[in-house]
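Please read the structure below before turning to the comments.
There are 2 protein chains.
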Amino acid sequence: MNSGRFAISVHILTLLTFSEEEWTSSEYLAGSININPVLVRKELSNLRERGLVSSKEGKSGGSKLARNAEKIFMSEVYEAVKQKDLLGKGINSPNPDCPVGRKINDHLDSLYDEAEKTLLTSLGKVSLAEFCRKFD
Amino acid sequence: MNSGRFAISVHILTLLTFSEEEWTSSEYLAGSININPVLVRKELSNLRERGLVSSKEGKSGGSKLARNAEKIFMSEVYEAVKQKDLLGKGINSPNPDCPVGRKINDHLDSLYDEAEKTLLTSLGKVSLAEFCRKFD
DNA sequence: ATAACTGTAATTATTTTTGTTACAGTACAA
DNA sequence: TTGTACTGTAACAAAAATAATTACAGTTAT
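Written out as structure tokens, the structure is:
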């Protein structure tokens, strides 16, 4: 998975949690994260698709959480951000003439699925609100 | 973590399991995985440091498992291969003037540690031998 | 109308990952 | 003792993935 994006998304969501009810600009978010505002907007766009934030265009626009931080879980952020699979599902092109090469991707896939399930369970136990409480 | 390397390492170990007792050359391994032999040797070097394989130089040299496949676990492969942390521990340089930016890396770290612990538990339940039985 | 935003495409720069070449070192075997 | 078949690594090159930047059209409050 893309490690940096998870951190960015959590950072965004944390900032939004601390200013719930306000529309926060991507410029402001980018300032705290210390990355480019366009990257933030891309990440917001992704989080929006997943129903985690909502945004308002135009003057005094910005973004905020789409629902209460108690009801947003780290597993959702993980899933929002992931594109590739955890450990690199089927990325190689092993030699099909080799009995191992021919079947290894399938077997790796099931291993990954199992591992990822466990990871999601673990991340699913942590809400955004809980995460944010650590900052107090 | 580096996804491709996990697959490569598991592939190597699987091939070595199927030819236990023989010294298998990096050339042969590279052929099944369909990657460059030097990459295989680099991966072998890493697995060797971790005590998972041993190698023999010189003519008719090669590599083999350092211990029985029943006693090698996927969690070990994961740990052998990982350098960066699972979800990108502290890769950003958030703004230290922001109360969230100042502390978020620490909090992300503990989140990651917890998640990774779970992942390792899951991978620790699968031995190399068990994985290889799927090929029969 | 203007100012302060978002949304997104297109481009470039940077970093990471992967592959390649090259060659020294080791061990077996004739 | 010399050739052959390997490993081990360094150094470099190529390719792919990430991140940053520029640019600009669209939206909304005032």
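As they're listed, the protein sequences go chains C and F.
Each residue of the first sequence is one higher than the one before, counting from 1 in the working numbering.
Each residue of the second sequence is one higher than the one before, counting from 1001 in the working numbering.
Where a beta carbon is used, it is the ideal one built from N, C-alpha and C, also for glycine.
All values reported here derive from a predicted model rather than from experimental measurement.
Residue i versus residue j - alpha carbon distance
i, j, result
"residue 1051 of chain F", "residue 114 of chain C", "26 angstroms"
"residue 105 of chain C", "residue 62 of chain C", "43 angstroms"
"residue 13 of chain C", "residue 1107 of chain F", "14 angstroms"
"residue 1040 of chain F", "residue 1130 of chain F", "23 angstroms"
"residue 1043 of chain F", "residue 15 of chain C", "41 angstroms"
"residue 127 of chain C", "residue 1032 of chain F", "44 angstroms"
"residue 1102 of chain F", "residue 35 of chain C", "15 angstroms"
"residue 1055 of chain F", "residue 1049 of chain F", "11 angstroms"
"residue 1060 of chain F", "residue 109 of chain C", "34 angstroms"
Classification of residue i by the beta-carbon crowding that lies within 10 angstroms, buried from 16 upward
i, result
"residue 45 of chain C", "exposed"
"residue 1026 of chain F", "buried"
"residue 22 of chain C", "exposed"
"residue 1057 of chain F", "exposed"
"residue 96 of chain C", "exposed"
"residue 133 of chain C", "exposed"
"residue 1053 of chain F", "buried"
Per-residue contacts from residue i into chain C (C-beta, under 7 angstroms)
i, result
"residue 976 of chain F", "The requested residue 976 of chain F is not part of the displayed model; chain F covers only 1001 to 1136."
"residue 1032 of chain F", "94, 95, 98, 100 and 101"
"residue 1134 of chain F", "107"
DSSP state of residue i mapped onto helix, strand, coil
i, result
"residue 1018 of chain F", "helix"
"residue 38 of chain C", "helix"
"residue 1131 of chain F", "helix"
Partner residues on chain C for residue i, Cβ-Cβ distance less than 9 angstroms
i, result
"residue 1073 of chain F", "Result: empty, since nearest Cβ-Cβ is about 12 angstroms, beyond 9 angstroms."
"residue 1039 of chain F", "Under the 9 angstroms cutoff, chain C gives no residues; its nearest Cβ is about 11 angstroms from residue 1039 of chain F."
"residue 1042 of chain F", "Under the 9 angstroms cutoff, chain C gives no residues; its nearest Cβ is about 15 angstroms from residue 1042 of chain F."
Chain-ordered neighbours of residue i on chain F, where CB pairs are closer than 8 angstroms
i, result
"residue 53 of chain C", "Those within 8 angstroms of residue 53 of chain C in chain F number zero; the least Cβ separation is about 16 angstroms."
"residue 80 of chain C", "Near residue 80 of chain C there are no residues of chain F at all, since even the closest Cβ is about 13 angstroms away, more than 8 angstroms."
Chain-ordered neighbours of residue i on chain C, where CB pairs are closer than 8 angstroms
i, result
"residue 1024 of chain F", "By Cβ distance, chain C contributes nothing, its closest Cβ being about 12 angstroms from residue 1024 of chain F, past 8 angstroms."
"residue 1069 of chain F", "Within 8 angstroms Cβ-Cβ: nothing; residue 1069 of chain F doesn't reach chain C, min ~13 angstroms."
Chain-ordered neighbours of residue i on chain F, where CB pairs are closer than 7 angstroms
i, result
"residue 104 of chain C", "1011 and 1014"
Taking contact to mean 3 or more Cβ pairs, one atom from each stretch, closer than 8 angstroms, check whether the segment 5-21 of chain C and the segment 58-78 of chain C are in contact.
Contact between the segment 5-21 of chain C and the segment 58-78 of chain C is present: 3 or more CB-CB pairs across the two stretches fall below 8 angstroms.
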